[in-house]
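One structure is given below, encoded as structure tokens.
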Amino acid sequence: MNNYITLAVLFWGLAISSSAAENAPRFENGILSIPRVDTPEQPGQYENARFSLAPDGRWDLLHAEAGRQAFIDEIEIQILESFPVQVHVSVSGNLPTPCHQLGPIHQRFADNRFEIAVHVTPLQTFAPCIQVLEPFQTTIPLDVYGLPKGSYEVIVNDKSASFELNVDNR
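Numbering-wise, my numbering comes out as the position in the sequence shown, counting from 1, plus 307.
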């Protein structure tokens, strides 16, 4: 029985470490791969950037994809009754077609503001795709542990909301 538990814990740890490694920059054979590139305007504005190290020490851009944002209809802040307080953002919107899925969700926090970019990724299909919007709903947890009492803004793509922490969240 203990061997099964040990094996389950080992596989769980490998799954977590491999998913974290997929989001980490990687340098291999003179190529720097960066899965997410933030700009001042948007977290994750570019994805899957690849740079080549030139002999003179500069970096040449080989490839980068502009992140394609999902259409957001509504966001709702959910403050869970716990301590420390947990805050989630419920997001509803539409994918451009049924041949898309939710892609990476990028977050950053600065100046009492959570900026979240919800992206879409096209599915690999070989059949024609009907051109209708596909509704989605997802919940995004915010990292609010350790934040002081105060007001906070949340921006998801082009929608915004705010919430208040009534006590220090430690």
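Backbone N, C-alpha and C fix where the C-beta goes; we use that ideal spot for every residue, glycine too.
Predicted model only: the values in this text are computed from it and were never measured.
1. Where does the unbroken beta strand (DSSP E) through Leu360 begin, and where does it stop?
2. Use the C-beta contact count for Arg343: other C-beta atoms within 10 angstroms, 16 or more gives buried, fewer gives exposed.
3. Taking 7 angstroms as the limit between beta carbons, can you name the residues of its chain near Pro391, skipping five residues before and five after?
4. Distance check for Asn473 and Phe334, CA to CA, integer angstroms please.
5. Give the DSSP-derived three-state secondary structure of Val451 in the structure shown.
6. Taking Asn330 as the reference, which of His413, Arg375, Ile338 and Thr445 has the closest Cα?
7. How many Å lie between Thr439 and Asp380 at the Cα?
8. In the DSSP assignment, the beta strand (DSSP E) including Arg365 goes from what residue to what residue?
9. Give every residue of the same chain whose Cβ lies closer than 7 angstroms to the Cβ of Ala375, excluding the five residues on either side of it in the sequence, and list them in chain order.
10. Run the CB neighbour count on Ile338, radius 10 Å, all protein chains shown included, and call it buried at 16 or more, exposed below.
11. I'd like the list of long-range same chain contacts for Asn401, defined as Cβ closer than 8 angstroms, with 5 residues on each side in sequence excluded.
Quick answer:
1. Within the sequence shown, residue 360 is the residue found at index 53, counting from 1. Run containing Leu360: Tyr353 to Leu360, per the beta strand (DSSP E) assignment.
2. Here residue 343 refers to the residue found at position 36 of the sequence shown. When all chains shown are included, Arg343 counts as buried.
3. The residue labelled residue 391 in the question sits at position 84 within the sequence shown. Cβ within range, chain order: Tyr452, Asn476 and Arg477.
4. Along the sequence shown, one-based indexing puts residue 334 at 27. Along the sequence shown, one-based indexing puts residue 473 at 166. Near 44 angstroms, if we compare the C-alpha coordinates of Asn473 and Phe334.
5. Along the sequence shown, read from residue 1 onward, the residue named residue 451 stands at position 144. Coil, per DSSP.
6. Position 23 of the sequence shown, counted from the first residue, corresponds to residue 330. A check of alpha carbon separations from Asn330 across His413, Arg375, Ile338 and Thr445 identifies His413 as the nearest.
7. Translated into positions along the sequence shown, residue 439 becomes position 132. Translated into positions along the sequence shown, residue 380 becomes position 73. Inspection of the sequence shows that residue 439 is occupied by Val rather than by Thr. Going by the C-alpha atoms only, they are around 16 angstroms apart.
8. Numbered from its first residue, the sequence shown carries residue 365 at position 58. No beta strand (DSSP E) holds Arg365; DSSP gives it neither H nor E.
9. The residue labelled residue 375 in the question sits at position 68 within the sequence shown. At residue 375 the sequence reads Arg, which differs from the Ala that was named. These residues qualify, in order along the chain: His426 and Val427.
10. Here residue 338 corresponds to residue number 31 of the sequence shown, with the count starting at 1. So Ile338 counts as exposed.
11. Taking the first residue of the sequence shown as 1, we reach residue 401 at position 94. These residues qualify, in order along the chain: Ala377, Phe378, Asp380, Leu440, Glu441, Pro442 and Phe443.
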